[in-house]
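Protein chains: 2
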Amino acid sequence: MKTETMDSRRMRLHNSEQVLRIVRDLGPLSRTEIGRQSRLSAPTVAAVIAELLRVRMVEESGEGKSTGGRRPQLVSFNAKFGAVVSANIGATTIRLVLADMNGEWIARRVLPVGDDTRPEPLIARVADAIKEMQATELGAGIPVLSTIVGAPGMTDMTRGVVLEAANLEGWVDVPARDMLERALGVPVTVDNDVNLSAIGEHWRGARRDMKSFVFVLLATGLGAGIVLEGKIHRGNRWYAGEISRLNVDFREWDVDFGAAGYLESYAGEEPPKSAPRSPRRHHGPLDDETLVRLGVAIANIAVIIDPEAIVLGGRVAVSHPEMRERLFEVASRVAPNCPEIGITELGEDAPLYGGVKLALDHVDELLPRYLVD
Amino acid sequence: MKTETMDSRRMRLHNSEQVLRIVRDLGPLSRTEIGRQSRLSAPTVAAVIAELLRVRMVEESGEGKSTGGRRPQLVSFNAKFGAVVSANIGATTIRLVLADMNGEWIARRVLPVGDDTRPEPLIARVADAIKEMQATELGAGIPVLSTIVGAPGMTDMTRGVVLEAANLEGWVDVPARDMLERALGVPVTVDNDVNLSAIGEHWRGARRDMKSFVFVLLATGLGAGIVLEGKIHRGNRWYAGEISRLNVDFREWDVDFGAAGYLESYAGEEPPKSAPRSPRRHHGPLDDETLVRLGVAIANIAVIIDPEAIVLGGRVAVSHPEMRERLFEVASRVAPNCPEIGITELGEDAPLYGGVKLALDHVDELLPRYLVD
DNA sequence: CTACTTTATAAAGCTGTTTTAGTAAAGTGT
DNA sequence: ACACTTTACTAAAACAGCTTTATAAAGTAG
Chain V
17 MKTETMDSRR
27 MRLHNSEQVL
37 RIVRDLGPLS
47 RTEIGRQSRL
57 SAPTVAAVIA
67 ELLRVRMVEE
77 SGEGKSTGGR
87 RPQLVSFNAK
97 FGAVVSANIG
107 ATTIRLVLAD
117 MNGEWIARRV
127 LPVGDDTRPE
137 PLIARVADAI
147 KEMQATELGA
157 GIPVLSTIVG
167 APGMTDMTRG
177 VVLEAANLEG
187 WVDVPARDML
197 ERALGVPVTV
207 DNDVNLSAIG
217 EHWRGARRDM
227 KSFVFVLLAT
237 GLGAGIVLEG
247 KIHRGNRWYA
257 GEISRLNVDF
267 REWDVDFGAA
277 GYLESYAGEE
287 PPKSAPRSPR
297 RHHGPLDDET
307 LVRLGVAIAN
317 IAVIIDPEAI
327 VLGGRVAVSH
337 PEMRERLFEV
347 ASRVAPNCPE
357 IGITELGEDA
367 PLYGGVKLAL
377 DHVDELLPRY
387 LVD
Chain D
17 MKTETMDSRR
27 MRLHNSEQVL
37 RIVRDLGPLS
47 RTEIGRQSRL
57 SAPTVAAVIA
67 ELLRVRMVEE
77 SGEGKSTGGR
87 RPQLVSFNAK
97 FGAVVSANIG
107 ATTIRLVLAD
117 MNGEWIARRV
127 LPVGDDTRPE
137 PLIARVADAI
147 KEMQATELGA
157 GIPVLSTIVG
167 APGMTDMTRG
177 VVLEAANLEG
187 WVDVPARDML
197 ERALGVPVTV
207 DNDVNLSAIG
217 EHWRGARRDM
227 KSFVFVLLAT
237 GLGAGIVLEG
247 KIHRGNRWYA
257 GEISRLNVDF
267 REWDVDFGAA
277 GYLESYAGEE
287 PPKSAPRSPR
297 RHHGPLDDET
307 LVRLGVAIAN
317 IAVIIDPEAI
327 VLGGRVAVSH
337 PEMRERLFEV
347 ASRVAPNCPE
357 IGITELGEDA
367 PLYGGVKLAL
377 DHVDELLPRY
387 LVD
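So, in structure tokens, the structure goes:
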């Protein structure tokens, strides 16, 4: 029971949000057309638009074509009302993007993580890169309203702590959010890169308009991002989708993690070791047994979640797209409901798109503040 | 973007719903206390309550104790405003419940499914039982506002069709909703019994107040009901949680369903067959290999979903609660995040509770209609 | 030029909310 | 018993935001 009661003030706020959303999503519109879309009367639309113009959330954008009467004065969403930063720390590269309120990229940076991947120096490197990008690329008077940083490991979003990132040195329980906020001086949100990729792919990539889908990352690490009802599912302990721990060989339930039996031991780029290893690293060539294991794992995901689609992403998926057929053959034999299996459309930029989307959603929640001011 | 714009009329409707919810959830309250809870002013609360009294959704219920001033006149939710019916068709028994608007049971019926389990006669039997219960037990002037029927198989809720119920004869693509609506003359909702059990267990059983959990049914059939963010997850094709198809032995990915390799072949009550069979039947004794397979399957569920808890239900779980320890041992070895594994608190009535909850939620959505009338 | 259409604003009225003020009914203290 | 305080509720007035109706402005079509 989260909704609150309503009075005149909240009524206006509510209607302003609706109008703003309509203008943003449906492009430049006349006041009359906004009235039709929102079912608000013309005078109300006019008053709301006047308010939105005052706080610069929308702007006049010329006249439209007449359709037999007075020409409409178009109103459009002001994409320069603010900006968002989306950064992603990968196993090998750091990627940054500065985007406007429409989610369009203003600037982009790619730099190597460098030799020293320990928390402090790496986070300092990220913060410096963000500061440089903002200083160079951000127009005067445009505030950064939200900053999202993706990390290659399980992340506790409420505390902003990267619980474990096996591909980076010493990344266990790193309070990344606090460190970044101290360096940047603005609120920061930290999330898992696989989740961000799933959000990105859902928003701008292969699976727009789908209610549910699963993004499967095949790269240095294995992971899955689960989107249900249009929202990412992170699980009770931020563990959802950690499919490196899936077991498709029950006889080996009692072996140590990293050894045979675990999916991660079979699908990857490095030679296998027998000793226990940390998660999110996988090894061995992409031979048929590996594909069958992966296919069965995907089938199990399909059986449990029953998503609208499954999308393969990450370096391995991009360089071996042909694996899709075999995976589907196996998975659809095991799971009669196995959905289509697609390949990422955003490639390694997927988490950046996801970060932008998350940031924009975040700004949406903050909008009331700017409206009352 | 589902929310609509607001005017005075909607404002009042919105506030009425909030007040009603407060009265229902927090019990008999004075108008003043409702004002405190809702943050509405005293005159507004008085007006809203007057309206709710008029349509009999709430009723005056005497005076409360003074706390140093005039005694409060208490207002309480009218549980007799209407009633709901929850029915469940099992493999062996039909269960019915009539409940008031607080979800308290007014009456209950249990009858065998009988020898003829084909769709028409069985549904007629259910409809007759419902009619008898209503005629005998329902007070005059109390309308049935929602009827939910659970079926032991995959169900398309939007069409009201039971896609497949292997334990009943000839139940393939049965338009159960339409058949029941024709017999009863009121709107009916049909759902899968495992999903209903999960909802019930979440609402009144083992896992109240949990945001996410998975209910695992171990009975004549195998299945799982997945509750996420307090809502049941049914999947894109109503297939979510059909864990009889989980595969924990990748070498047998290519064998026919029902043969070795599939979970369902190993956890059950009847002797195994080698020929392909329909889903949701399982066989074989509860030997340790079966438990290990089941444990690994539960681990895989935990890895993918990361729920707050897993609850075992169904006849087998009730009669062999001791299996929990071994299952947890296996599952927690495979999945480090494996949550506690509990046993159902509602037993075979779980789907009935879930049906009542679903029905009450359904009525909630219809409330505005009764308020405008 | 006239008739009609479309867009936008102005004036008036309606609904529902809050604030303010007041009444009712109880408890508290001397 | 009496005055005073506390709490519950209601009545009246003021306020805010919405809609309807009317009007102005600016275009198209014949």
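Just so you know, the protein sequences line up as chains V and D, in that order. Quick note on my numbering: the first sequence kicks off at 17 and runs consecutively. Quick note on my numbering: the second sequence kicks off at 17 and runs consecutively. Where a beta carbon is used, it is the ideal one built from N, C-alpha and C, also for glycine.
Could you work out which residue in the options is closest to residue i when comparing CA atoms only?
i: residue 100 (chain D); options: D:124, D:106, D:181 and D:84; result: D:124
i: residue 362 (chain V); options: V:340, V:233 and V:136; result: V:233
i: residue 144 (chain V); options: V:133, V:126 and V:199; result: V:199
i: residue 112 (chain D); options: D:155, D:146, D:354 and D:63; result: D:146
i: residue 373 (chain V); options: V:88, V:121 and V:303; result: V:121
i: residue 320 (chain D); options: V:262, V:203 and V:216; result: V:262
i: residue 243 (chain D); options: D:131, D:370 and D:59; result: D:370
i: residue 348 (chain V); options: D:81, D:228, D:271 and D:90; result: D:271
i: residue 310 (chain V); options: V:148, V:346, V:52 and V:225; result: V:346
i: residue 70 (chain D); options: D:220, D:82, D:56 and D:93; result: D:93
i: residue 137 (chain V); options: V:222, V:225 and V:192; result: V:192
i: residue 335 (chain V); options: V:360, V:83, V:315 and V:324; result: V:360
i: residue 194 (chain V); options: V:119, V:204 and V:241; result: V:204
i: residue 219 (chain V); options: V:365, V:266, V:60 and V:58; result: V:365
i: residue 273 (chain D); options: V:351, V:237, V:116 and V:152; result: V:351
Taking the straight line between their C-alpha atoms, what separation do you get for residue i and residue j?
i: residue 14 (chain V); j: residue 387 (chain V); result: Nothing can be reported for residue 14 (chain V), as the shown portion of chain V is limited to 17 through 389.
i: residue 104 (chain V); j: residue 317 (chain D); result: 29 angstroms
i: residue 328 (chain V); j: residue 358 (chain V); result: 6 angstroms
i: residue 255 (chain V); j: residue 322 (chain D); result: 6 angstroms
i: residue 127 (chain D); j: residue 379 (chain D); result: 27 angstroms
i: residue 134 (chain V); j: residue 166 (chain V); result: 16 angstroms
i: residue 114 (chain D); j: residue 156 (chain D); result: 14 angstroms
i: residue 248 (chain D); j: residue 246 (chain V); result: 15 angstroms
i: residue 283 (chain V); j: residue 326 (chain V); result: Residue placement at residue 283 (chain V) is flagged as unreliable, the pLDDT there being 48, under the threshold of 50; the coordinate-derived value follows with that caveat. Approximately 17 angstroms, taken between the alpha carbons.
i: residue 164 (chain V); j: residue 90 (chain D); result: 50 angstroms
i: residue 26 (chain D); j: residue 119 (chain V); result: 33 angstroms
i: residue 375 (chain D); j: residue 130 (chain D); result: 27 angstroms
i: residue 154 (chain D); j: residue 162 (chain D); result: 14 angstroms
i: residue 230 (chain V); j: residue 44 (chain V); result: 34 angstroms
i: residue 184 (chain V); j: residue 106 (chain V); result: 9 angstroms
i: residue 58 (chain V); j: residue 46 (chain V); result: 11 angstroms
i: residue 342 (chain V); j: residue 304 (chain V); result: 9 angstroms
i: residue 63 (chain D); j: residue 41 (chain D); result: 20 angstroms
i: residue 85 (chain D); j: residue 251 (chain D); result: 55 angstroms
i: residue 214 (chain D); j: residue 240 (chain V); result: 25 angstroms
i: residue 190 (chain D); j: residue 260 (chain D); result: 21 angstroms
i: residue 202 (chain V); j: residue 225 (chain V); result: 32 angstroms
Near residue i, which residues of its chain fall below 6 angstroms by C-beta distance, leaving aside the five closest residues on each side in sequence?
i: residue 169 (chain V); result: 178, 180 and 181
i: residue 212 (chain V); result: 166, 367, 370 and 371
Going by the DSSP bridge assignment, what does residue i pair with across the sheet?
i: residue 170 (chain V); result: V:180
i: residue 239 (chain D); result: D:233
i: residue 247 (chain D); result: D:244
i: residue 390 (chain V); result: In the structure displayed, chain V extends from 17 to 389; residue 390 (chain V) sits before or after that span and is not available.
i: residue 94 (chain V); result: Note: residue 94 (chain V) sits in no beta bridge, so no partner.
i: residue 163 (chain D); result: D:101 and D:204
i: residue 127 (chain V); result: V:110
i: residue 79 (chain V); result: V:89
i: residue 357 (chain V); result: V:326
i: residue 265 (chain D); result: V:265
Sorted by chain position, which residues of the same chain lie with C-beta nearer than 7 angstroms to residue i's C-beta, five sequence neighbours on each side aside?
i: residue 158 (chain D); result: 96, 98 and 99
i: residue 339 (chain V); result: 302 and 307
i: residue 331 (chain V); result: 235
i: residue 227 (chain V); result: 245, 246 and 324
i: residue 333 (chain D); result: 234, 359 and 360
i: residue 79 (chain V); result: 87, 88, 89 and 90
Looking only at its own chain, which residues have a Cβ that is under 8 angstroms from the Cβ of residue i, when we skip the five neighbours before and after it?
i: residue 33 (chain D); result: 383, 384 and 387
i: residue 50 (chain D); result: 35, 38, 39, 56, 61, 65 and 91
### Message
Count Cβ pairs between the region 19 to 27 of chain D and the region 70 to 84 of chain V that sit closer than 8 angstroms; are there 3 or more?
### Response
no
### Query
Between the region 160 to 175 of chain D and the region 193 to 213 of chain D, do three or more beta carbon pairs fall short of 8 angstroms?
yes
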